Amino acid sequence: MDHRSIIEKINTHKKQPNLRFRLKRNTEKFTDLLFYTLFDIETPVADSLDELEKQFDELVDLACWESEKPCKKVWENYVEKLPLVLESLNLDAEATVNCDPASLSIEEVYMAYPGFYAISVYRLAHELYKTGFPLVPRLMTEYAHRQTGVDINPGAQIGKSFHIDHGTGVVIGETAIIKNDVKIYQGVTLGGLFVAKNLQKTKRHPTIENNVTIYANATILGGDTVIGANSIIGGNAWITASVPAHSTVFHTPEIKIKTIPHV
17 MDHRSIIEKI NTHKKQPNLR FRLKRNTEKF TDLLFYTLFD IETPVADSLD
67 ELEKQFDELV DLACWESEKP CKKVWENYVE KLPLVLESLN LDAEATVNCD
117 PASLSIEEVY MAYPGFYAIS VYRLAHELYK TGFPLVPRLM TEYAHRQTGV
167 DINPGAQIGK SFHIDHGTGV VIGETAIIKN DVKIYQGVTL GGLFVAKNLQ
217 KTKRHPTIEN NVTIYANATI LGGDTVIGAN SIIGGNAWIT ASVPAHSTVF
267 HTPEIKIKTI PHV
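Heads up: the sequence shown begins at 17 in the working numbering, then just goes up one per residue.
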């Protein structure tokens with residue numbers, strides 16, 4: 017096959033007219049500046065908001081494929097939400113300091129905790145998700161996922177003072193509801209019990225009530241599953257039915273240790 021034929025065949029199979037990976041790169045740049053604008057004391061807020069607006073206009077041009085959608089109107093409403101988002105994130109950081117004896121300072125949480133970074137990007141993306149702004153919120157949370165190993169769908173609803181410790185392997189599905197003062201550890205999955213496209217518009221992921229702690233590698237599945245307030249879910253638990261408030265759920269593995277006698 018000659019060079020021209022190869023080019024023609026590749027062009028023939030490039031079928032997605034809206035697939036511009038520049039949107040992905042630009043979203044990552046936007047997310048970085050947004051994070052620094054909220055937290056970095058050396059990043060000037062006024063100048064950064066002006067630059068963010070320019071970057072957002074570029075995202076609109078790349079992401080809004082349907083001209084009738086009022087994407088241009090999203091920015092002003094979004095900026096108005098940023099103080100409230102920052103207020104929520106400060107509560108998340110304080111929750112981490114209060115929960116984790118290994119944290120030496122709140123500055124350490126902001127700069128070094130992958131769970132906090134993933135929550136930050138989720139909260140920033142969630143406000144765009146609620147407006148129906150296409151694709152960008154998912155690209156934002158996937159950017160955080162790639163950096164932290166924490167996969168939070170921007171559609172999830174998460175309350176105040178949320179803490180993720182260690183973070184790696186955490187999965188929180190699109191229709192999950194997490195209320196206030198919840199703590200989860202690495203490897204936790206809040207997922208769907210069934211996977212089928214016709215369930216797209218239904219609640220597929222669990223609800224976690226206030227003041228629940230979920231330890232490492234626990235799996236909680238199903239849209240009807242509710243973990244009652246003030247409960248503790250032990251590590252490696254597999255849950256597909258609701259748990260009453262004030263419960264402790266634990267998985268008991270059988271561990272055998274065989275020691276070779278000293279000879």
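Built from N, CA and C at the ideal position, the CB exists for glycine as well. Source: prediction; values computed, not measured.
Using a Cβ-Cβ cut-off of 8 Å (strictly less than) and excluding sequence neighbours within five positions of H179, which residues of its own chain qualify?
-> D108, A111, T112, C115, D116, G131, V198, K199 and I200
Shortest alpha-carbon distance to T43 belongs to which of V137, N106 and G165?
-> V137
Count the C-beta pairs between the region 24 to 34 and the region 53 to 72 that are closer than 8 Å, then say yes if the count reaches three, no if not.
-> no
Under 8 Å between C-beta atoms of A134 and M156 = Contact flag unset, no.
Of all the beta strand (DSSP E) runs that stay within the bounds of the region 152 to 191, which reach a length of 3 or more residues?
-> 179 to 181
Can you tell me whether V211 is buried or exposed, with buried defined as 16 or more other CB within 10 angstroms of its CB?
-> exposed
Which listed residue (D181, Q173, R162 and G203) has its alpha carbon closest to that of V187 = G203
Answer with buried or exposed for R36, where buried requires no fewer than 16 other C-beta atoms within 10 angstroms of its C-beta.
-> exposed
Classify R162 as buried or exposed, calling it buried when 16 or more other Cβ atoms lie within 10 Å of its own Cβ.
-> exposed
Measure the alpha-carbon distance for P150 versus V90 and round it to whole angstroms.
-> When only Cα atoms are considered, P150 and V90 end up about 11 Å apart.
Excluding the five sequence neighbours on either side, which residues of its own chain have a C-beta within less than 6 Å of the C-beta of I255, listed in chain order?
-> I236
Nearest-angstrom Cβ-Cβ length linking T229 and V242, presumed shorter than 8 Å | For T229 against V242, the beta-carbon gap comes to about 16 Å, at or over 8 Å, which does not count as contact.
Pull up the CB-CB distance for K272 and N226, whole angstroms please, since I reckon it's below 8 Å.
-> A Cβ-Cβ distance of about 39 Å is found for the pair K272 and N226, leaving them out of contact under the 8 Å criterion.
Does the separation of the CB atoms of Y145 and G171 fall below 8 Å?
-> yes
First and last residue of the alpha helix (DSSP H) that includes Y145?
-> P130 to T147
When the Cα of H267 is compared with those of A261, E124, R20 and Y231, which residue comes out closest?
-> Y231
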